[in-house]
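Per numbering that gives the first Met the number 0, residue 0 is the first one in the first sequence, and the count goes up by one each step. For each residue, glycine too, the CB sits at the ideal point set by N, CA and C. All values reported here derive from a predicted model rather than from experimental measurement.
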Amino acid sequence: MDYTPLHRWDVSCAEAERLQRALRERLVLQPPPDFAPRLAAGGDVSTHRDASRAYAGFVVLDIVSRETVDAVAVRAEVTFPYVPGLLSFREIPALAVAWQQLPTRPDFLVIDGHGLAHPRRMGIACHAGLVFNLPTIGCAKSLLVGRYGHLGEERGATAPLVHRGEVVGMAVRTRARVSPVYVSPGHCMDLPTAVELVLRLADYREPETTRRAHRLVNALRRADLAGAPPPPHPE
DNA sequence: GCGACAG
DNA sequence: ATCTTGTCGC
0 MDYTPLHRWD VSCAEAERLQ RALRERLVLQ PPPDFAPRLA AGGDVSTHRD ASRAYAGFVV
60 LDIVSRETVD AVAVRAEVTF PYVPGLLSFR EIPALAVAWQ QLPTRPDFLV IDGHGLAHPR
120 RMGIACHAGL VFNLPTIGCA KSLLVGRYGH LGEERGATAP LVHRGEVVGM AVRTRARVSP
180 VYVSPGHCMD LPTAVELVLR LADYREPETT RRAHRLVNAL RRADLAGAPP PPHPE
């Protein structure tokens with residue numbers, strides 16, 4: 000698929016924050032008027048402990064039949080370090096390499112990380128939506144900002160995620176008695192729609208989009224590992 | 001100044 | 001996220 004880079008990615012942390020504050024103004028926090036999604040995509044990145052090598056991939060699935068209709072995984076280089084609040088600058092360049100190899104344009108994308116539930120309301124899900132130009136949802140496994148109150152133990156229970164007096168996302172119980180996931184709008188998305196879609200996609204704790212993308216990149220990672228294994232015990 | 005801190 | 005052994009439970 001095609002996309003719009005929007006800006007350079009090899010920037011300083013201060014410049015990255017400036018870009019986030021500027022890009023924030025371009026966000027659309029409402030789904031398209033004719034939004035009737037059928038194809039969901041999940042994207043994920045797997046990085047090494049030290050090396051700059053990363054694996055990135057996308058899986059596209061039909062939300063009705065649940066069939067995987069597309070899957071691409073690539074090797075890529077990461078240069079930006081992991082800095083809380085600046086995850087997009089580390090992962091989006093790698094995701095973009097995989098995105099170019101994707102033959103089908105999905106109706107929306109679920110990203111492993113936050114959207115509006117971010118210090119500057121510009122998490123990786125928002126940023127990815129702007130760059131790839133499609134509706135996006137952030138679905139994270141842990142909190143970056145915000146707090147929430149009581150959350151029922153049953154599947155489908157929700158509790159608003161509040162940060163600085165604003166509702167920025169929702170804690171969502173996708174499985175009974177299992178820790179929740181944190182859902183927030185990315186781009187061309189609102190919170191109710193994001194929560195509904197994540198619940199529709201989740202058979203287990205995480206939505207199938209994320210699970211399948213995660214398995215895909217890990218498979219490529221292990222395949223590479225078997226091809227050139229650095230011997231731990233040189234005897 | 002001191003903690004907290006997506007992946 | 002990654003590095004890791006065993007272990008609890010369906």
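| query | What is the residue span of the beta strand (DSSP E) that residue 135 lies within? | reply | 135 to 139
| query | Leaving out five residues before and five after residue 230 in sequence, what residues of the same chain have Cβ atoms less than 8 Å from its Cβ? | reply | At residue 230, the pLDDT of 49 sits below 50, so the modelled position is not reliable; the number obtained from the coordinates is stated separately. Here the set comprises nothing.
| said: Does the structure place the stretch 27 to 44 close enough to the stretch 143 to 154 that three or more beta carbon pairs sit under 8 Å? | reply: no
| Opposing strand residues paired with residue 165 [DSSP bridges] | 162
| task | Whole angstroms is fine: what's the gap from residue 3's alpha carbon to residue 92's? | result | 12 Å
| query | Should the stretch 211 to 223 be called in touch with the stretch 63 to 74, which here means at least 3 C-beta pairs below 8 Å? | reply | yes
| query | Looking at the structure shown, is residue 106 part of a helix, part of a strand, or coil, going by DSSP? | reply | coil
| task | Check whether the Cβ atoms of residue 181 and residue 139 lie closer than 8 Å to each other. | result | yes
| said: Report the CB separation of residue 183 from residue 168 in whole angstroms; it is logged as a contact under 8 Å. | reply: 3 Å
| query | Could you check where the alpha helix (DSSP H) with residue 87 kicks off and where it finishes? | reply | 86 to 100
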